[in-house]
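A.B. asks: First the structure, then my questions, so here it is.
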Amino acid sequence: MTTDHAWMARALQLARKGLYSTHPNPRVGCVIVADGELVGEGWHVRAGEPHAEVHALRQAGERARGATAYVTLEPCSHYGRTPPCAEALVKAGVGRVVAAMQDPNPQVAGNGLELLRSAGIEVASGVLEFEARELNCGFIKRMESGLPFVRAKLAMSLDGRTAMASGESQWITGPAARAEVQRLRARSSVVLTGADTVLMDAARLTVRGDELGLDAETTALALQRPPLRVLVDGRLRVPLEAPFFQAGPALVATAVPGCEEAYRAAGHEALVLGQERVDLVALLRELAARGANEVLVEAGPRLIGAFASLGLIDEYQIFMAAKFLGSSARPLLELPLERMSEASELKIVDIRAVGDDWKMVARPAS
Ligand SMILES: [Zn+2]
């Protein structure tokens with residue numbers, strides 16, 4: 000059993016190499032072990048290219064016969080853009096398959112493991128499942144609920160403030176925290192912001208390779224698949240000349256009808272969702288329908304507050320700078336609550352130092 004865990008840990012390590020590139024697919028790693036020896040390994044690099052199992056089987060060749068294959072996700076059983084991996088494992092003659100978790104994709108959901116079993120292969124599932132689920136939290140949530148996994152990035156002072164009353168807010172945190180934010184953007188399918196942030200901070204929400212702090216190979220992969228930048232602009236306050244639009248094609252979610260053509264002509268896309276204000280649930284559903292697994296929200300207190308009050312945020316990434324901005328500065332989010340019983344309960348899942356700042360990761364307690 001401990002051996003299974005160790006090999007699965009190696010497979011997860013490989014899967015993580017696809018953190019920035021597999022969208023809309025899940026990150027998957029595979030190792031093939033014969034007589035206690037690693038004979039093949041692989042990971043899924045990007046959509047349309049071979050799955051992890053195919054890479055690992057190619058490397059193992061004849062040595063796959065009778066070997067054990069460790070896969071971080073149930074091998075697929077359906078014909079997608081590539082033939083099913085479960086069949087490839089059967090053909091290669093592996094003796095045993097260990098999966099970290101079942102595939103949440105309704106097209107697979109146990110069929111892959113069943114196909115292996117019916118071919119006489121010994122099958123086990125659930126080894127390091129927690130870690131495997133965390134790695135693909137967005138893909139799993141999209142498959143199970145039709146919504147993406149939503150992360151909100153916030154930066155605040157120790158007194159819980161994000162900007163001066165004037166709106167002046169740049170550089171609360173240091174360079175290490177900014178690199179971390181770059182990596183959060185790069186792993187996301189979508190980076191979403193609001194008109195306030197774009198107008199106030201001239202935000203572009205792009206991924207910059209030189210600020211990622213990753214090795215050259217991973218940086219290149221991340222830059223090949225930049226996240227879709229989405230602007231929530233209910234009343235179309237942000238002009239097309241803004242740096243946000245100049246930085247590349249973007250998607251605007253608005254409540255102003257009839258604006259689609261103007262944005263299309265400028266190389267962008269406008270989606271009219273809702274009347275008076277943007278229907279955030281409809282927006283997230285639309286993004287999930289387009290394959291968005293993880294959405295990073297980097298916005299001001301109003302938009303973050305709107306997402307939070309609708310219960311749409313799965314995780315808060317809160318960067319804390321060791322400074323006070325004072326009691327007239329702006330709060331972390333606008334969440335008008337009256338009674339203690341209405342308090343929004345969070346569970347802290349991680350807290351650590353990032354350069355001179357601290358980062359807390361918290362999720363809704365329920
Ligand atoms: Zn596959």
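Numbering (numbering that gives the first Met the number 0), first residue to last: 0 to 365. Don't be surprised by glycine CBs; every beta carbon is placed ideally from N, CA and C.
#1: Could you have a look at D209 and say whether DSSP puts it in helix, strand or coil?
#2: Can you tell me whether G137 is helix, strand or coil according to DSSP?
#3: Considering only C-alpha positions, which residue in the set L146, P103, R150 and P147 is nearest to E128?
#4: Who are the Cβ neighbours of L11 in its own chain at under 8 Å, not counting the five residues just before and after it?
#5: Checking 7 Å against the spacing of the C-beta atoms, do V353 and A176 come in under that value?
#6: Give me the Cα-Cα distance between P123 and V96, rounded to the nearest whole angstrom.
#7: For R186, which of R224, L115 and L279 has the nearest alpha-carbon?
#8: Pick helix, strand or coil for V89, following the three-state DSSP scheme.
#9: Could you name the residues of the same chain whose beta carbon sits closer than 8 Å to that of R366, not counting the 5 residues immediately before and after it, in chain order?
#10: By Cβ distance, which residues of its chain are closer than 8 Å to G145, with the 5 residues on each side in sequence left out?
#11: Would you identify the three-state DSSP class for G111, choosing helix, strand or coil?
#12: Does the beta-carbon of W170 have 16 or more other beta-carbons within 10 angstroms, so that it is buried, or is it exposed?
#13: Buried or exposed: where does T192 fall if 16 or more other Cβ atoms within 10 Å of its Cβ makes it buried?
#14: Ends of the alpha helix (DSSP H) at T2?
#15: Between G41 and A51, how many whole angstroms is the CB-CB distance? I'm expecting something under 8 Å.
#16: Taking all protein chains shown into account, decide if Q316 is buried (16 or more other Cβ within 10 angstroms of its Cβ) or exposed.
#17: Please classify K346 as buried or exposed, where buried requires at least 16 other C-beta atoms within 10 Å of its C-beta.
#18: Between the segment 236-247 and the segment 105-116, can you find at least three pairs of beta-carbon atoms closer than 8 Å?
#19: Just to confirm my understanding: we take A151, look at its own chain, exclude 5 residues before and 5 after, and list those with CB closer than 6 Å. What are they?
#20: Just to confirm the assignment, what range does the alpha helix (DSSP H) spanning L286 have?
#21: List in chain order: all unbroken alpha helix (DSSP H) runs of 4+ residues lying wholly within the segment 54-101.
#22: Let's see if you can read the secondary structure: which residues bound the beta strand (DSSP E) around V360?
#23: Using 8 Å as the Cβ pair cut-off and three pairs as the minimum, do the segment 11-26 and the segment 195-202 touch?
#24: Report the three-state DSSP secondary structure of G304 (helix, strand or coil).
C.D. replies: Answer, in terms of the structure:
#1: helix
#2: helix
#3: P103
#4: G28, T71, A99, L127, E130, A131 and L134
#5: In contact: V353 and A176 (Cβ atoms closer than 7 Å).
#6: According to the sequence as given, residue 123 is Ala; it is not Pro. Looking at the two C-alpha atoms, the distance is approximately 6 Å.
#7: R224
#8: helix
#9: Outside the displayed range of the chain (0 to 365) lies residue 366, so it cannot be described from this structure.
#10: R284, A287 and A288
#11: helix
#12: exposed
#13: Its Cβ being crowded by 16 or more others within 10 Å, T192 is buried.
#14: T1 to R15
#15: 5 Å
#16: Buried.
#17: exposed
#18: no
#19: Within the same chain, and ignoring the five residues on either side of A151 in sequence, the residues whose Cβ sits closer than 6 Å to its Cβ are V296, I303, I312 and Y315.
#20: Run containing L286: L279 to A288, per the alpha helix (DSSP H) assignment.
#21: Annotation: the segment 54-101 contains the following complete segments of the alpha helix (DSSP H) (minimum length 4 residues), in chain order: 84-91.
#22: Start and end: D356 to P363.
#23: no
#24: helix
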